[in-house]
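A short write-up of the structure that comes next.
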Amino acid sequence: MSAITTLARQPSGGVNARIVNRIVIYGLLALFALFYLMPLFVMLVTSFKTMDEIQNGNMLALPQAPTFEPWIKAWSEVCSGLTCVGMKGYFWNSIKMVVPAVIISTLLGALNGYVLTKWRFRGATLVFGLMLFACFIPFQSVLLPMATVLGSFGRFGVKLQNATGFTFGFGNPTVNLVFVHVVYGIGFTTLFFRNYYETFPNELVKAAQIDGASFFQIFRRIMLPNSLPIIVVTVIYQFTNIWNDFLFASAYAGSGDVMPMTVALNNVVNTSTGVVEYNVNMAAAMIAALPTLLVYVLAGRYFVRGLMAGAVKG
Amino acid sequence: MLRKLLIGTALASGFAFAAHAEDVKEVQMLHWWTSGGEAAALNVLKQDLAKEGYAWKDVPVAGGGGDPAMVALKAMVAAGNPPTASQMLGYTALDYAAAGKMGDITAIAVKEGWDKVVPAALQKFTVYDGKWVAVPVNVHSVNWLWINKAVMDKIGGTEPKTFDDLIALLDKAKAAGVIPLALGGQNWQEATMFDSVVLSTGGPEFYKKAFNDLDDASLKSDTMKKSFDNLAKLVTYVDPNFSGRDWNLATAMVIKGDALVQVMGDWAKGEFHAANKTPGTDFLCYRFPGTDGSVVYNSDVFGMFDVSDDRKAAQAALATATLSKSFQAAFNVVKGSVPARTDVPDTDFDACGKKGIADLKAANEKGTLFGSLAQGYGAPPAIANAYKDVVTKFVHGQIKTSDEAVTELVKAIDDAK
Amino acid sequence: MSTVATSQIKLTPEHARPRASVRSRLQDALPKIVLAPSFAITIIFVYGFILWTIYLSFTNSKTFPSYVITGSRAYRRLWGWTFDTDPPSSWYTSITNMGIFGFLYIFICLALGLFLAILLDQKIRGEGVLRPIYLYPMALSFIVTGVAWKWFLDPGLGLEQTLHQWGWTSFHFDWIKNKDFVIYTVVIAGVWQASGFIMAMFLAGLRGIDGEIMKAAQIDGATTFQLYRRIVIPLLRPIFLSAFIVLAHLAIKSYDLVVALTSGGPGGSAWLPSNFMYEYTFKRNEMAVGSASAVIMLMTIVAIIVPYLYSELREKPR
Numbered sequence: 001m002s003a004i005t006t007l008a009r010q011p012s013g014g015v016n017a018r019i020v021n022r023i024v025i026y027g028l029l030a031l032f033a034l035f036y037l038m039p040l041f042v043m044l045v046t047s048f049k050t051m052d053e054i055q056n057g058n059m060l061a062l063p064q065a066p067t068f069e070p071w072i073k074a075w076s077e078v079c080s081g082l083t084c085v086g087m088k089g090y091f092w093n094s095i096k097m098v099v100p101a102v103i104i105s106t107l108l109g110a111l112n113g114y115v116l117t118k119w120r121f122r123g124a125t126l127v128f129g130l131m132l133f134a135c136f137i138p139f140q141s142v143l144l145p146m147a148t149v150l151g152s153f154g155r156f157g158v159k160l161q162n163a164t165g166f167t168f169g170f171g172n173p174t175v176n177l178v179f180v181h182v183v184y185g186i187g188f189t190t191l192f193f194r195n196y197y198e199t200f201p202n203e204l205v206k207a208a209q210i211d212g213a214s215f216f217q218i219f220r221r222i223m224l225p226n227s228l229p230i231i232v233v234t235v236i237y238q239f240t241n242i243w244n245d246f247l248f249a250s251a252y253a254g255s256g257d258v259m260p261m262t263v264a265l266n267n268v269v270n271t272s273t274g275v276v277e278y279n280v281n282m283a284a285a286m287i288a289a290l291p292t293l294l295v296y297v298l299a300g301r302y303f304v305r306g307l308m309a310g311a312v313k314g
Numbered sequence: 001m002l003r004k005l006l007i008g009t010a011l012a013s014g015f016a017f018a019a020h021a022e023d024v025k026e027v028q029m030l031h032w033w034t035s036g037g038e039a040a041a042l043n044v045l046k047q048d049l050a051k052e053g054y055a056w057k058d059v060p061v062a063g064g065g066g067d068p069a070m071v072a073l074k075a076m077v078a079a080g081n082p083p084t085a086s087q088m089l090g091y092t093a094l095d096y097a098a099a100g101k102m103g104d105i106t107a108i109a110v111k112e113g114w115d116k117v118v119p120a121a122l123q124k125f126t127v128y129d130g131k132w133v134a135v136p137v138n139v140h141s142v143n144w145l146w147i148n149k150a151v152m153d154k155i156g157g158t159e160p161k162t163f164d165d166l167i168a169l170l171d172k173a174k175a176a177g178v179i180p181l182a183l184g185g186q187n188w189q190e191a192t193m194f195d196s197v198v199l200s201t202g203g204p205e206f207y208k209k210a211f212n213d214l215d216d217a218s219l220k221s222d223t224m225k226k227s228f229d230n231l232a233k234l235v236t237y238v239d240p241n242f243s244g245r246d247w248n249l250a251t252a253m254v255i256k257g258d259a260l261v262q263v264m265g266d267w268a269k270g271e272f273h274a275a276n277k278t279p280g281t282d283f284l285c286y287r288f289p290g291t292d293g294s295v296v297y298n299s300d301v302f303g304m305f306d307v308s309d310d311r312k313a314a315q316a317a318l319a320t321a322t323l324s325k326s327f328q329a330a331f332n333v334v335k336g337s338v339p340a341r342t343d344v345p346d347t348d349f350d351a352c353g354k355k356g357i358a359d360l361k362a363a364n365e366k367g368t369l370f371g372s373l374a375q376g377y378g379a380p381p382a383i384a385n386a387y388k389d390v391v392t393k394f395v396h397g398q399i400k401t402s403d404e405a406v407t408e409l410v411k412a413i414d415d416a417k
Numbered sequence: 001m002s003t004v005a006t007s008q009i010k011l012t013p014e015h016a017r018p019r020a021s022v023r024s025r026l027q028d029a030l031p032k033i034v035l036a037p038s039f040a041i042t043i044i045f046v047y048g049f050i051l052w053t054i055y056l057s058f059t060n061s062k063t064f065p066s067y068v069i070t071g072s073r074a075y076r077r078l079w080g081w082t083f084d085t086d087p088p089s090s091w092y093t094s095i096t097n098m099g100i101f102g103f104l105y106i107f108i109c110l111a112l113g114l115f116l117a118i119l120l121d122q123k124i125r126g127e128g129v130l131r132p133i134y135l136y137p138m139a140l141s142f143i144v145t146g147v148a149w150k151w152f153l154d155p156g157l158g159l160e161q162t163l164h165q166w167g168w169t170s171f172h173f174d175w176i177k178n179k180d181f182v183i184y185t186v187v188i189a190g191v192w193q194a195s196g197f198i199m200a201m202f203l204a205g206l207r208g209i210d211g212e213i214m215k216a217a218q219i220d221g222a223t224t225f226q227l228y229r230r231i232v233i234p235l236l237r238p239i240f241l242s243a244f245i246v247l248a249h250l251a252i253k254s255y256d257l258v259v260a261l262t263s264g265g266p267g268g269s270a271w272l273p274s275n276f277m278y279e280y281t282f283k284r285n286e287m288a289v290g291s292a293s294a295v296i297m298l299m300t301i302v303a304i305i306v307p308y309l310y311s312e313l314r315e316k317p318r
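Sequences listed follow chains A, B and C, in order.
Residue numbers for the first sequence follow the UniProt record's numbering, so the first one is 1 and each next one is one higher.
Residue numbers for the second sequence follow the UniProt record's numbering, so the first one is 1 and each next one is one higher.
Residue numbers for the third sequence follow the UniProt record's numbering, so the first one is 1 and each next one is one higher.
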C-alpha cells in the first residue's frame with residue numbers, strides 16, 4: 001500500500017481546495033500526456049495518409065481518406081536494398097538475436113548481483129564500480145577492436161569446422177551480435193540486480209546456509225523465485241536497447257539474410273534519392289517498433305512493480 | 001523452452017555458415033543505393049550477373065551519404081571479412097589499397113582496354129600504384145543549375161551566362177514572389193554549391209590550383225575572397241527555413257514550382273525523372289554560369305577487395321559487367337549521371353544527359369575535368385571536411401566576413417594536412 | 001583467504017573450516033568463479049579497448065589503426081581547438097554543447113520524472129493508461145521518431161505553421177534552424193524520450209516507501225511539501241543513482257539524436273562530442289584525433305562519475 005495514497009486521503013484543507021487540487025493534477029497529467037503522444041500521433045496519422053495529403057496538408061491533421069496501403073506496403077513490399085520483401089522478413093533475424101542476448105545478459109546480471117551482495121569479498125565494491133563504469137564506454141570507439149576480435153572468432157570457427165565439421169556458432173553474425181550485446185549489457189543488468197538484492201533480506205540466505213544449502217541452491221531456490229519483478233525490469237531494458245541498436249547491427253550483421261530490423265528500417269527510411277514515401281516509412285517504423293511497444297505496454301505494470309521492489313532499501 | 005530456442009538458433013546458424021563457405025558463385029556487395037531509382041539501376045547489374053550464374057548477396061547500409069556503410073565496411077575489413085566489392089567515394093579505394101586490403105584487377109582492365117576509355121582524372125581514384133583496384137560506375141558533375149521551366153517562363157528569364165546574370169535572374173524571381181534559390185542548409189550541399197561559385201569566379205585554372213593542388217597563394221587570394229562574397233550574395237536568395245533541409249526536398253521545391261533554381265549535382269535529375277518531368281518542357285538544366293566547358297565531377301566506384309582465390313572469378317565477372325557499355329548506359333540513364341567510359345553511345349539519354357556526356361568528353365580532352373572538393377575528389381577527407389566546415393560556418397554566420405572565411409579556410413586546410 | 005566476509009554470514013567459514021576439503025574450498029571460491037567471466041570480459045572488452053583507444057590517440061592513425069607512436073599531436077590539436085571560440089571550432093561547439101545538453105537533459109529528466117511520478121502517485125484514476133503513454137518513447141529509436149520530431153520542430157511544417165493556420169500568426173518557434181538554439185531542441189527531444197522511463201523508476205521508488213514512516217511524519221505535523229523534501233526525496237536516493245547512471249550514459253551516447261533531428265545543425269552547431277568522435281574517426285580519417293576525443297570524454301566522465309559512485313557505493317556501516 002502506497003504511503004502517498006494514504007496521504008491523499010488526509011483531510012488537508014476544505015473540500016473545494018481538494019477539488020481544485022485534483023483538477024490541477026489531472027490537468028497537468030493530461031498536458032504531459034499530449035506532449036508524449038505528439039510524435040506517435042504524427043507518425044500514426046501520417047502512416048494512414050496518401051502522399052498527396054502529406055505534401056499538401058497539415059502534419060497534425062487527421063487523414064481525410066484513411067488508407068491501409070502504406071501499412072500493407074511496409075509489411076510485405078518495401079525494399080531494403082535490392083531485396084523487396086517488406087519488413088516482415090526481418091522480425092525473425094532480430095528475435096533470434098535479441099532473445100538469447102537478453103536471456104544471457106540477464107542471467108549473468110542476476111548471478112553477479114547475487115555474488116556482489118550476498119557473498120561479499122574484499123574488493124567487491126571495486127569490481128562493481130568497474131563494471132558500472134563500463135556502461136559509459138562510447139560504442140563508436142569499441143567498434144573496430146571488437147570487429148577484430150569477432151574476426152578472429154570467425155577464423156577460429158573455420159578451424160573448428162575443418163576439425164569437427166561444425167563451427168559451434170563461431171563467426172556467425174547473429175552469434176557475434178549476441179556476444180557483443182551481452183558484453184556491453186552486463187554492466188546494466190548487474191546494476192539492476194545488485195540494487196535489488198541489496199534490499200533482499202540477508203536472514204533468508206543465512207538460514208539457508210545453516211541448513212547446508214549450496215551457493216547455487218540458494219540462488220535457484222531462494223533468490224530467483226523472488227526476483228521476478230527485477231527480471232522483468234532488466235528484460236524490458238535490455239530488450240529495448242538491443243532491439244533498437246543500429247551501430248553494432250549494421251557493422252557486424254549488415255547483409256540481407258541476417259540483417260536485424262533496425263538496419264532494414266534504416267535502409268527503408270534513409271533513401272538518399274527518390275521520392276520519400278513518408279507514409280510507408282512511418283508505417284515501417286511503427287512495425288519495427290511494435291515488439292518494443294508491446295513489451296512496454298503489456299509488461300508495464302510488472303515493470304513498475306519490479307522497480308518498486310528493487311528500490312526498497314533494507 | 002527458451003533454452004531450446006537458444007540451442008536451435010546456434011545450430012541453425014552454424015549450419016547456415018557451413019553452407020555458405022562452399023558457395024563461391026556469389027558476389028557480396030556493400031552499397032547504400034537503397035532508394036527506388038538507384039536500387040532499380042543496381043538491379044540491372046544483379047540480373048546481368050545472374051545470367052552468368054552468379055548470385056548476388058546484398059549488403060545495403062543506407063543513409064548519411066554512405067557514412068554508415070563506410071563504418072560497416074571498416075568493421076568488416078577489420079574482422080578480415082571484406083565483401084567482394086563495395087561502393088566507394090573519393091579517396092576511399094586508394095586508402096584501402098594503401099593498407100593492402102584491395103585486390104588487383106589489372107589483368108581484366110588490360111584485357112578490356114579500360115585505360116583508353118576511362119578518363120584519366122577518374123583513373124586517379126581507381127588505380128593505385130599502377131594497379132586497378134576499383135571500377136568506376138558513373139560520373140556525376142556538380143556544376144549544374146536545375147530550373148523550373150514554368151517559373152522561368154512566368155518571370156521571363158533566360159539562361160544566365162555570367163554570375164551577374166544569375167543574380168539578376170534571382171532578383172526577378174524574388175520580385176515575382178517565388179523563392180529564388182532552393183538550398184538545403186547541410187554542409188555538403190553548401191560546399192557543393194561553393195565549388196561551382198569558385199569555378200565561376202576564378203575560372204578553371206584557379207579552381208584547379210586552389211581546390212585540387214591546394215595552392216596556398218590561391219587559397220589566400222582575393223579571388224577566393226570574392227568567391228566567398230559571391231556565395232554570400234547567393235545565400236541571400238534562400239528561404240529562411242533552408243537550414244538542415246535534405247537536398248531532395250530542395251529539389252522538390254523546384255519541381256513543384258515553389259522555387260526557381262537549385263544548384264546541385266546531376267543526381268537531382270533523378271528526382272525530376274521520378275516526378276515524371278521532362279527536360280526542356282518541365283525543367284531546364286544549365287551549367288552554372290561561367291563554368292561551361294569545365295566539369296567538376298565526382299564518381300561512384302566499386303572497390304574490389306582482396307578476396308580468397310575461390311571468389312576471384314565472381315569478382316572478375318562483377319568488374320567486367322560493371323564497366324560493360326550496356327550496363328553503363330542502363331544504369332546512368334536512371335541515375336542521372338553519365339557513363340564512366342567515354343565511348344558509350346548517348347542514344348538512350350535525355351537532353352541533359354546528352355549534354356553531360358558531351359561536356360565530359362570535351363573536358364577530358366581539354367584538361368578541364370576537376371575533382372569536386374566538396375564531394376571529396378579534390379583532396380583527402382580530412383581536408384575536404386575541413387573545407388566544408390568553413391563554408392557551412394560562413395553560410396550560417398559563425399564566420400562573419402569573407403576575409404575571416406579566407407583566413408579560416410587556409411588555417412583549416414593547413415591543420416588537416 | 002576466506003570468501004565470505006560479510007558480517008551477516010560470518011558464521012559459515014568457521015563452520016566449514018575444520019573439514020576444509022577440496023570440495024569446500026571450491027565452495028568458498030565459487031562466488032568469485034561465478035563472477036569471474038563477467039568481470040573478465042569487462043576488463044578485456046571495456047578496459048582493454050579503452051587502453052587501445054588511449055594508445056591510438058598517441059599514434060598517427062588515420063584511416064586505419066596505426067601502431068607507431070608519434071606523440072601527442074592529437075591532444076595538442078584538441079587543446080588548441082578548445083580555445084577557438086570565434087569562429088567556434090567543431091570541438092569547442094561539441095564540448096560546450098555537451099555541457100548545456102548534459103546538464104539540462106539530466107536535470108530536466110530527473111525533475112520532470114520525479115514531478116510526474118509524484119503526480120501519478122496521488123491515487124490517479126487511469127494511471128494504467130497514463131503510465132505507458134509516458135513510458136513508450138523509450139521503446140522507440142530515433143531512426144523511428146527522428147522524422148516526426150524534425151517535422152514538428154520545422155517552422156514551415158510543424159508547430160509554428162500549425163499555430164499560424166489556427167490564427168496565432170505572431171508565434172515563432174524556429175530553434176531548430178537557429179545556430180544558437182538548436183541544441184535546446186535536442187534537449188527537448190531527448191527529455192521526451194527518457195523522462196518517462198525516469199518517471200517509472202521514481203514511481204516505483206515512491207511505491208516502495210514504508211507507509212509507517214510517512215504516517216509518523218504526518219502525525220508530527222509535517223506539511224505535504226516538507227514531507228516530500230525531508231523524507232520522501234532522501235529515501236529515493238538509490239533511485240537517483242540508477243536514474244543518473246542511465247541518463248548520463250544516454251547523454252554521452254546521444255549521437256543518433258543529433259543526426260536524426262538536426263543533421264548536425266546549422267553550421268555544425270548541434271554537434272556533441274560523440275558526433276565529433278564519429279566524424280573524425282570514420283569520416284575524416286583522423287582516427288588519432290577521434291581516439292583522443294574519446295579519451296577526453298572518458299576522462300571527463302571519470303572526473304564526474306567516480307566521486308559520485310564513490311560516495312554512493314562505499315561500504316556503509318550497518
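Backbone N, C-alpha and C fix where the C-beta goes; we use that ideal spot for every residue, glycine too.
Could you work out which residue in the options is closest to residue i when comparing CA atoms only?
i	options	result
A:PHE136	C:MET299, C:SER38, C:SER24, C:GLY196	C:MET299
B:ASN148	B:THR278, B:THR236, B:GLY293, B:SER294	B:THR278
A:THR67	A:SER80, A:LEU44, A:ILE23, A:LEU60	A:LEU44
Quick one: does residue i have its CB under 7 Å from some CB of chain A?
i	result
B:ASP58	yes
C:VAL34	yes
C:PRO238	yes
B:ALA97	no
B:ASP23	Per-residue confidence for B:ASP23 stands at a pLDDT of 49, beneath the threshold of 50, marking its modelled position as unreliable; no derived number is given.
C:PHE225	no
For chain C, check one thing: does any of its Cβ atoms lie closer than 7 Å to the Cβ of residue i?
i	result
A:PHE136	yes
B:PRO381	yes
Does any residue of chain B have a CB that is nearer than 7 Å to the CB of residue i?
i	result
C:SER263	yes
A:THR148	yes
A:GLY256	yes
C:THR96	no
What does residue i pair with, by DSSP beta-bridge criteria?
i	result
A:GLU203	Answer by DSSP bridge pairing: none, since A:GLU203 is not bridged.
C:VAL59	Strictly speaking, residue 59 of chain C in this sequence is Thr, with Val absent from that position. Looking at the DSSP assignment, C:THR59 forms a beta bridge with C:ILE69.
C:GLU279	Answer is none; C:GLU279 lacks a bridge partner.
B:TRP56	B:VAL27
Nearest-angstrom Cα distance between residue i and residue j?
i	j	result
C:GLU286	C:SER57	10 Å
A:VAL297	C:GLN193	16 Å
B:THR126	A:LEU82	25 Å
C:ASN97	B:ASP415	23 Å
A:THR189	B:ARG287	59 Å
C:LEU272	B:ALA72	22 Å
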